[in-house]
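Inspection log for the structure reproduced underneath, given as structure tokens.
Number of protein chains: 2
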Amino acid sequence: MKNYKMTIQYDGGRYLGWQRLPKSDRTIQGKLENVISEMCEREIKIIGSGRTDAGVHALGQVANFKADIDMSTSEIHDYINHYLPNDIVVTDMEEVDERFHSRYNVKIKEYTYHIYTGDFQSPFYRKYSWHIKEPLDMGSVSLAMESLQGTHDFLGFSSVKKVKKSTVRTLHSISYTQDGPLLSFVFKGDGFLHNMVRIIMGTLVEVGQHKMTPEDVQRILNTKVRAEAGITCPPHGLFLSAVQY
Amino acid sequence: MKNYKMTIQYDGGRYLGWQRLPKSDRTIQGKLENVISEMCEREIKIIGSGRTDAGVHALGQVANFKADIDMSTSEIHDYINHYLPNDIVVTDMEEVDERFHSRYNVKIKEYTYHIYTGDFQSPFYRKYSWHIKEPLDMGSVSLAMESLQGTHDFLGFSSVKKVKKSTVRTLHSISYTQDGPLLSFVFKGDGFLHNMVRIIMGTLVEVGQHKMTPEDVQRILNTKVRAEAGITCPPHGLFLSAVQY
Chain U
12 MKNYKMTIQY DGGRYLGWQR LPKSDRTIQG KLENVISEMC EREIKIIGSG
62 RTDAGVHALG QVANFKADID MSTSEIHDYI NHYLPNDIVV TDMEEVDERF
112 HSRYNVKIKE YTYHIYTGDF QSPFYRKYSW HIKEPLDMGS VSLAMESLQG
162 THDFLGFSSV KKVKKSTVRT LHSISYTQDG PLLSFVFKGD GFLHNMVRII
212 MGTLVEVGQH KMTPEDVQRI LNTKVRAEAG ITCPPHGLFL SAVQY
Chain G
12 MKNYKMTIQY DGGRYLGWQR LPKSDRTIQG KLENVISEMC EREIKIIGSG
62 RTDAGVHALG QVANFKADID MSTSEIHDYI NHYLPNDIVV TDMEEVDERF
112 HSRYNVKIKE YTYHIYTGDF QSPFYRKYSW HIKEPLDMGS VSLAMESLQG
162 THDFLGFSSV KKVKKSTVRT LHSISYTQDG PLLSFVFKGD GFLHNMVRII
212 MGTLVEVGQH KMTPEDVQRI LNTKVRAEAG ITCPPHGLFL SAVQY
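Protein chains in written order, with my numbering: chain U, 12 to 256; chain G, 12 to 256.
As structure tokens, then:
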């Protein structure tokens with residue numbers, strides 16, 4: 012059995028998320044598994060680096076699957092892209108060591124969140140950014156970003172309900188770039204809890220709007236109370252931008 | 012009567028073009044005129060800097076209209092955006108001299124054409140770029156670009172059929188930038204004939220693929236025979252990016 016690693020881009024706008032659902036055809040994993048199973052003439056399960064929620068996009072999702080197929084890697088790559096809908100694309104494909112596991116072997120994950128500022132949303136970014144009219148106080152946002160970096164229990168910044176596993180994660184960096192009205196926040200870490208990027212982002216926006224302070228962010232890291240943090244910002248501004256192994 | 016100048020962005024993907032059509036609701040001008048006429052409680056005609064074809068986008072289309080309304084410019088701006096579909100946005104609005112005319116007063120128009128190179132089209136650029144798999148020979152393309160700059164009769168690079176008016180135009184510059192797989196060509200000129208950017212772009216691509224030579228481009232400027240030039244490339248890669256007055 013050969014092990015194939017895929018890097019995948021998708022526009023999550025019309026999907027219910029990454030994870031296959033029994034009764035819906037509208038998942039990214041489902042679309043990929045259907046095409047790959049058809050190609051292999053048997054049921055193939057693919058392993059993603061992690062789930063993305065409904066409406067979230069990816070520029071560099073990674074998944075792997077094992078199969079014995081009498082086709083070159085390049086032929087497999089072409090076959091899959093040919094049969095995928097055009098809002099899902101496998102950008103890279105390679106044969107990897109049989110022990111490679113897309114989820115267990117993740118070293119760093121990178122997410123990007125786009126915020127479009129100004130009076131009016133752009134027709135071109137409206138599906139890929141959260142529109143915030145008022146300018147944000149980026150000095151305060153930067154202070155809050157600094158306090159979030161490092162190793163913390165991020166329970167208060169997640170939708171995790173029943174704590175069975177550790178909710179400690181290391182956020183290696185949060186940074187942002189500005190390109191005219193478009194603010195792009197980049198989050199790099201060893202792993203992210205459910206909704207963690209969207210709740211941190213929602214909190215940072217509230218800090219930028221002076222509805223919260225950088226000290227509040229520090230406090231929530233200690234109290235770990237979700238209700239004290241900002242809103243879960245909308246999924247369509249979020250991109251899983253890269254996974255490193 | 013006050014004269015209002017609007018700068019407009021639109022995703023042309025689901026429209027039949029700028030120009031109002033008697034029997035279709037799917038034009039940009041039509042959408043704008045309907046909203047503005049509703050606001051003014053009488054029929055208002057707007058004047059665009061020029062037409063864009065079906066499927067062509069705009070980042071900086073300009074149009075003006077004359078009206079007497081008991082609302083501030085900012086209130087008018089908000090009203091129009093509120094009632095426009097979200098793939099059309101008025102980004103700027105100002106009251107201008109009554110003699111200002113969006114079409115007659117144009118000094119420079121700027122168009123951008125996006126080409127996405129590489130084996131697979133991006134899910135995010137597929138609606139806004141033309142996908143070309145093979146890398147282009149940009150040395151040859153640059154030579155052809157140089158010979159097109161300046162004042163020429165561009166009849167051979169247009170869809171103009173019956174020549175009534177002059178087909179001489181000045182192309183101030185053609186340049187390109189590359190951002191990974193995305194090539195963006197910028198055309199600045201005093202005016203453009205019908206399909207001129209798309210035919211020049213189609214010709215430049217064929218030069219980059221060695222189907223034509225930079226000398227062919229020079230020759231077509233002299234022979235003015237449309238059939239000798241390259242294909243009219245697809246509309247969805249084209250943006251009217253700016254109009255200067």
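In this text, a Cβ means the ideal position worked out from N, Cα and C, and glycines have one as well.
- In the DSSP annotation of this structure, the continuous segment of the alpha helix (DSSP H) that includes U/V46 starts and ends at I39 to C51.
- Looking only at U/L193, U/D164, U/D36 and U/S151, the smallest Cα-Cα distance to U/G129 is reached by U/L193.
- For U/T181, the enclosing beta strand (DSSP E) starts and ends at V179 to D190.
- Its chain contains G28 and P246 as the residues whose beta carbon lies nearer than 6 Å to that of U/D64, once the 5 sequence neighbours on both sides are disregarded; these appear in chain order.
- For the segment 132-155 of chain U, the set of positions with a beta-carbon nearer than 8 Å to some beta-carbon of chain G reads Q132, S133, P134, F135, R137 and Y139 in chain order.
- One finds P134 in chain G with Cβ atoms closer than 9 Å to the Cβ of U/Y21, taken in chain order.
- G/E54 is not bridged by DSSP to any residue.
- Within the same chain, and ignoring the five residues on either side of G/L147 in sequence, the residues whose Cβ sits closer than 6 Å to its Cβ are G219.
- The distance from the Cβ of G/E217 to that of G/G241 is about 4 Å, consistent with a contact at the 8 Å cut-off.
- Annotation note: the segment 160-239 of chain U contains the following uninterrupted alpha helix (DSSP H) runs of length 4 or greater, listed N- to C-terminal: 207-219 and 225-234.
- Assigned with DSSP and collapsed to three states, U/H125 falls in strand.
- In this structure U/T18 touches U/D103 by the C-beta definition: roughly 4 Å separates them, less than 8 Å.
- Legend: CB atoms of the segment 50-74 of chain G lying less than 7 Å from CB atoms of chain U are not found in any residue.
- In terms of Cβ geometry, U/F198 and U/T123 form a close pair [threshold 9 Å].
- The shortest C-alpha to C-alpha distance from G/Q72 to any of G/K42, G/E121 and G/D89 is the one to G/E121.
- DSSP, read as helix, strand or coil, puts G/M12 in coil.
- Close partners of U/D98 in chain G (Cβ separation under 7 Å): P134.
- Residue state for G/E106 is assigned as strand, using DSSP reduced to three classes.
- Boundaries of the alpha helix (DSSP H) around U/I87: T84 to Y94.
- Beta-carbon to beta-carbon, U/I231 and U/G167 are separated by about 4 Å, close enough to satisfy the 8 Å threshold.
- Non-local C-beta neighbours of U/C51 in its own chain, meaning closer than 7 Å and more than five positions away in sequence, comprise A78 and I80, ordered along the chain.
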